[in-house]
Amino acid sequence: MENPFIVLKDQQLSSVVFIQDYLQLDFDGYTVTCYDWPMVILLDGKFAINDKEYRNVLCSLIAKKVNEISFIEDEMLSIGFQSGEKIEINLKNANGEVIYFTTPEGEWSSI
Amino acid sequence: MSGISDNALNFGQPENKYKYNGIEKENEFELGIYDAQLRELDGQTGRWWQIDPKIESMEMWSPYASNYNNPILYSDPLGDEPECCGGFFVDIVDGFVDKAKSTWYAVTHPKETITNAFSAEGLKNNLLNTVSFGFYSDAKTLVTDGPGKFIGGKLFDGVAYVITDGIAKNVKLKPGEVKIPEVKAVVAAEKKAAGSTDFVVTENGTAIPVPNGAKGPTAPNKGSGMSYQGGSGGKGMDKKVTGVRIMDANKNQGKRVNYMNKNGQTVNPQTGRTISNKDKSGHIPIE
Numbered sequence: 008m009e010n011p012f013i014v015l016k017d018q019q020l021s022s023v024v025f026i027q028d029y030l031q032l033d034f035d036g037y038t039v040t041c042y043d044w045p046m047v048i049l050l051d052g053k054f055a056i057n058d059k060e061y062r063n064v065l066c067s068l069i070a071k072k073v074n075e076i077s078f079i080e081d082e083m084l085s086i087g088f089q090s091g092e093k094i095e096i097n098l099k100n101a102n103g104e105v106i107y108f109t110t111p112e113g114e115w116s117s118i
Numbered sequence: 015m016s017g018i019s020d021n022a023l024n025f026g027q028p029e030n031k032y033k034y035n036g037i038e039k040e041n042e043f044e045l046g047i048y049d050a051q052l053r054e055l056d057g058q059t060g061r062w063w064q065i066d067p068k069i070e071s072m073e074m075w076s077p078y079a080s081n082y083n084n085p086i087l088y089s090d091p092l093g094d095e096p097e098c099c100g101g102f103f104v105d106i107v108d109g110f111v112d113k114a115k116s117t118w119y120a121v122t123h124p125k126e127t128i129t130n131a132f133s134a135e136g137l138k139n140n141l142l143n144t145v146s147f148g149f150y151s152d153a154k155t156l157v158t159d160g161p162g163k164f165i166g167g168k169l170f171d172g173v174a175y176v177i178t179d180g181i182a183k184n185v186k187l188k189p190g191e192v193k194i195p196e197v198k199a200v201v202a203a204e205k206k207a208a209g210s211t212d213f214v215v216t217e218n219g220t221a222i223p224v225p226n227g228a229k230g231p232t233a234p235n236k237g238s239g240m241s242y243q244g245g246s247g248g249k250g251m252d253k254k255v256t257g258v259r260i261m262d263a264n265k266n267q268g269k270r271v272n273y274m275n276k277n278g279q280t281v282n283p284q285t286g287r288t289i290s291n292k293d294k295s296g297h298i299p300i301e
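See below:
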């Protein structure tokens, strides 16, 4: 399967979980565990982990529906929402596993 | 609390003062404390009287807790820091590794195994017993039908094993696709339920405990490795540990084991607590 994340399309971001030093984004049972902090791109700016409002803007995406998935191997995973915001996970220069993706059916991927 | 005190069982014989944890028990004033070098343990409550002198190394635990509340797996003779009883993978799987290695030999050397089983030397050395649990017939199948026909089989009642040509790739292979010269690992499995297993044994004999009842192995849609999920604890692991991923090496990391809770969050297998992604107990290296 070239793009295992394609199943996220039309799902909503149902929860954001901060665990120690990494992050889990849950899309109604599809869970994207990010071991590197993603970038949040809003219509009026970008937010990275060190930005003061980072956690707030990330959580503000809860309940928004995914309408675009872009996965370029060794480059980037981008999850776009209907309202225009994006979550981008950089896969360049990865130092080990960056994403652990699971589905409600128990399937999984390691990027 | 005399009902749970060892005094209730004292019939006047000279008392062994070195009981629990290898620490001398002091009975002055009938307090019944264990006097470790660095602090004193109340044997009736299982709590220390003083705070942990190495409090910074166990910051998620009460400074009065003893042996991570698991006196079977840990000991703390000095009173400063619990020690696990041998490596996590080592003590609990002794013997199982030997059995897996025997299986491995029987399957990779079927002719020798069968020959040994029926030779006088084989009988003398009890090799017949070694192969008579079930994989003898599989080994015979190997000789009769050729290695390409064989992928795994029953070891003995309730126990199965699978031959792989790599830790993960085996999962989607069908019988007939594996050539014995390519075999690199044995997965030894106790089938408590369909698809569950107790240990995964690597080609080098490292036995990786799998949470009780976890189902698998499953291979990833993308990436490499194998996974068992949906179990709970067992074999020295905390009950919150529900799954394990056995990861192949990538360009930055070697082969490693990653234990998880039901939410897919990395945990320390002994405590079941979530840990940092940088924590070494979240990425246990294997050979």
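Read top to bottom, the protein sequences are chains Y and R. Each residue of the first sequence is one higher than the one before, starting from 8 at the first, in our numbering. Each residue of the second sequence is one higher than the one before, starting from 15 at the first, in our numbering. Glycine included, each C-beta is placed from N, C-alpha and C at the ideal position. Since this is a predicted model, take the numbers as computed values, not measurements.
Starting from the beta carbon of residue i, find every residue of chain R whose beta carbon is closer than 9 Å, and list them in chain order.
{"i": "ASN128(Y)", "result": "Examination of residue 128(Y) is not possible in this model, given that chain Y is present from 8 through 118 alone."}
Could you tell me which of the options sits nearest to residue i, measuring between CA atoms?
{"i": "GLU75(Y)", "options": "THR40(Y), TRP44(Y), VAL105(Y), GLY87(Y)", "result": "GLY87(Y)"}
{"i": "ASP212(R)", "options": "GLN243(R), ALA233(R), PHE43(R)", "result": "GLN243(R)"}
{"i": "VAL105(Y)", "options": "PRO67(R), LYS253(R), LYS236(R), GLY286(R)", "result": "LYS236(R)"}
{"i": "GLU73(Y)", "options": "PHE25(Y), ASN63(Y), ASP81(Y), GLY91(Y)", "result": "The identity of residue 73(Y) in the sequence shown is Val, whereas the question assumes Glu. Selected option, being the one with the closest Cα: GLY91(Y)."}
{"i": "PRO111(Y)", "options": "VAL24(Y), LEU65(Y), ASP33(Y), TYR29(Y)", "result": "ASP33(Y)"}
{"i": "LYS253(R)", "options": "ARG287(R), ARG270(R), PRO67(R)", "result": "ARG287(R)"}
{"i": "SER117(Y)", "options": "PRO77(R), GLU42(R), ASN264(R)", "result": "ASN264(R)"}
{"i": "ILE298(R)", "options": "GLY227(R), ALA221(R), LYS68(R)", "result": "ALA221(R)"}
{"i": "GLY57(R)", "options": "ILE260(R), VAL271(R), GLU38(R)", "result": "GLU38(R)"}
{"i": "LEU15(Y)", "options": "MET46(Y), GLN27(Y), GLN89(Y)", "result": "GLN89(Y)"}
{"i": "VAL24(Y)", "options": "ASN97(Y), PHE78(Y), ILE79(Y), ILE69(Y)", "result": "ILE69(Y)"}
{"i": "GLY239(R)", "options": "ILE300(R), TYR48(R), VAL281(R)", "result": "ILE300(R)"}
{"i": "GLY227(R)", "options": "VAL215(R), PRO234(R), ALA233(R), SER241(R)", "result": "SER241(R)"}
{"i": "PHE12(Y)", "options": "GLU95(Y), ALA101(Y), ASN63(Y), ASN100(Y)", "result": "GLU95(Y)"}
{"i": "ALA50(R)", "options": "GLU44(R), ASP66(R), SER290(R)", "result": "ASP66(R)"}
{"i": "CYS66(Y)", "options": "ILE79(Y), GLY113(Y), PRO45(Y)", "result": "PRO45(Y)"}
{"i": "LEU92(R)", "options": "GLY46(R), GLU54(R), VAL255(R)", "result": "GLU54(R)"}
{"i": "GLU114(Y)", "options": "GLY46(R), ALA79(R), ALA233(R), THR285(R)", "result": "ALA233(R)"}
{"i": "SER290(R)", "options": "LEU20(Y), ASN100(Y), LEU49(Y), ASP28(Y)", "result": "ASP28(Y)"}
{"i": "TRP62(R)", "options": "GLU70(R), ILE69(R), PRO77(R), PHE43(R)", "result": "PRO77(R)"}
{"i": "ILE79(Y)", "options": "ARG62(Y), LYS53(Y), ASN97(Y)", "result": "ASN97(Y)"}
{"i": "ILE56(Y)", "options": "LEU30(Y), SER21(Y), LYS99(Y)", "result": "LEU30(Y)"}
{"i": "GLY11(R)", "options": "ASN41(R), PRO231(R), GLY257(R)", "result": "With chain R represented from 15 up to 301, any question about residue 11(R) goes unanswered, as that position is not in the structure."}
{"i": "SER21(Y)", "options": "TYR61(Y), GLY36(Y), LYS99(Y)", "result": "GLY36(Y)"}
{"i": "MET274(R)", "options": "LYS229(R), PRO231(R), PRO283(R)", "result": "PRO283(R)"}
{"i": "PRO225(R)", "options": "SER80(R), VAL281(R), ASP94(R), ASP90(R)", "result": "VAL281(R)"}
{"i": "GLU70(R)", "options": "ARG270(R), GLU95(R), GLY268(R)", "result": "GLU95(R)"}
Closer than 8 Å by beta-carbon distance: list the chain Y residues that pair up with residue i, in chain order.
{"i": "THR232(R)", "result": "GLY113, GLU114, TRP115"}
{"i": "ILE289(R)", "result": "GLN27"}
Mind checking which residues open and close the alpha helix (DSSP H) that includes residue i?
{"i": "VAL64(Y)", "result": "61–66"}
Under 9 Å Cβ-Cβ, which residues of chain Y neighbour residue i?
{"i": "GLY278(R)", "result": "GLN31, THR38, THR40, TYR107, THR109, TRP115"}
What does residue i touch in chain Y if you count any residue whose Cβ is under 7 Å from its own?
{"i": "LYS292(R)", "result": "ASP28"}
Run through chain R and tell me which residues come within less than 7 Å of residue i, C-beta to C-beta.
{"i": "ILE118(Y)", "result": "LYS236, GLY237"}
By the criterion of Cβ-Cβ separation under 8 Å, what are the contact partners of residue i in chain R?
{"i": "PRO45(Y)", "result": "Correct list: empty, because the minimum Cβ distance to chain R is about 14 Å."}
With respect to the beta strand (DSSP E) encompassing residue i, which residues constitute its N-terminal and C-terminal limits?
{"i": "LYS254(R)", "result": "Here LYS254(R) belongs to no beta strand (DSSP E), and DSSP marks it neither H nor E."}
{"i": "PHE108(Y)", "result": "106–109"}
{"i": "LEU50(Y)", "result": "Note, LEU50(Y): premise wrong, no beta strand (DSSP E); not H, not E."}
{"i": "THR232(R)", "result": "229–232"}
{"i": "ALA221(R)", "result": "221–223"}
{"i": "TRP115(Y)", "result": "115–117"}
{"i": "GLY87(Y)", "result": "83–88"}
{"i": "TYR78(R)", "result": "Counting along the chain, TYR78(R) falls outside any beta strand (DSSP E), and DSSP gives it neither H nor E."}
{"i": "LYS269(R)", "result": "Careful: LYS269(R) lies outside any beta strand (DSSP E) and carries neither H nor E."}
{"i": "SER22(Y)", "result": "22–26"}
{"i": "LEU52(R)", "result": "Neither: LEU52(R) is in no beta strand (DSSP E) and is coded neither H nor E."}
{"i": "LYS294(R)", "result": "Run containing LYS294(R): none; DSSP gives neither H nor E here."}
{"i": "PHE34(Y)", "result": "29–34"}
{"i": "THR40(Y)", "result": "37–41"}
{"i": "LYS93(Y)", "result": "93–97"}
{"i": "GLN243(R)", "result": "240–243"}
{"i": "ILE79(Y)", "result": "73–79"}
{"i": "VAL215(R)", "result": "213–215"}
**Prompt:** Do the region 79–94 of chain Y and the region 246–255 of chain R meet, that is, are 3 or more Cβ pairs less than 8 Å apart?
**Reply:** no
**Prompt:** Which of the residues in the region 235–250 of chain R, read from start to end, lie with their CB under 8 Å from any CB of chain Y?
**Reply:** ASN235, LYS236, GLY237, SER238, GLY239, SER241, GLN243, GLY244
**Request:** Return the residues of the region 71–84 of chain Y that lie within a Cβ-Cβ distance of less than 8 Å from chain R, sorted by chain order.
**Result:** none
**Message:** With three or more C-beta pairs closer than 8 Å as the rule, is the region 33–44 of chain Y touching the region 107–117 of chain Y?
**Reply:** yes
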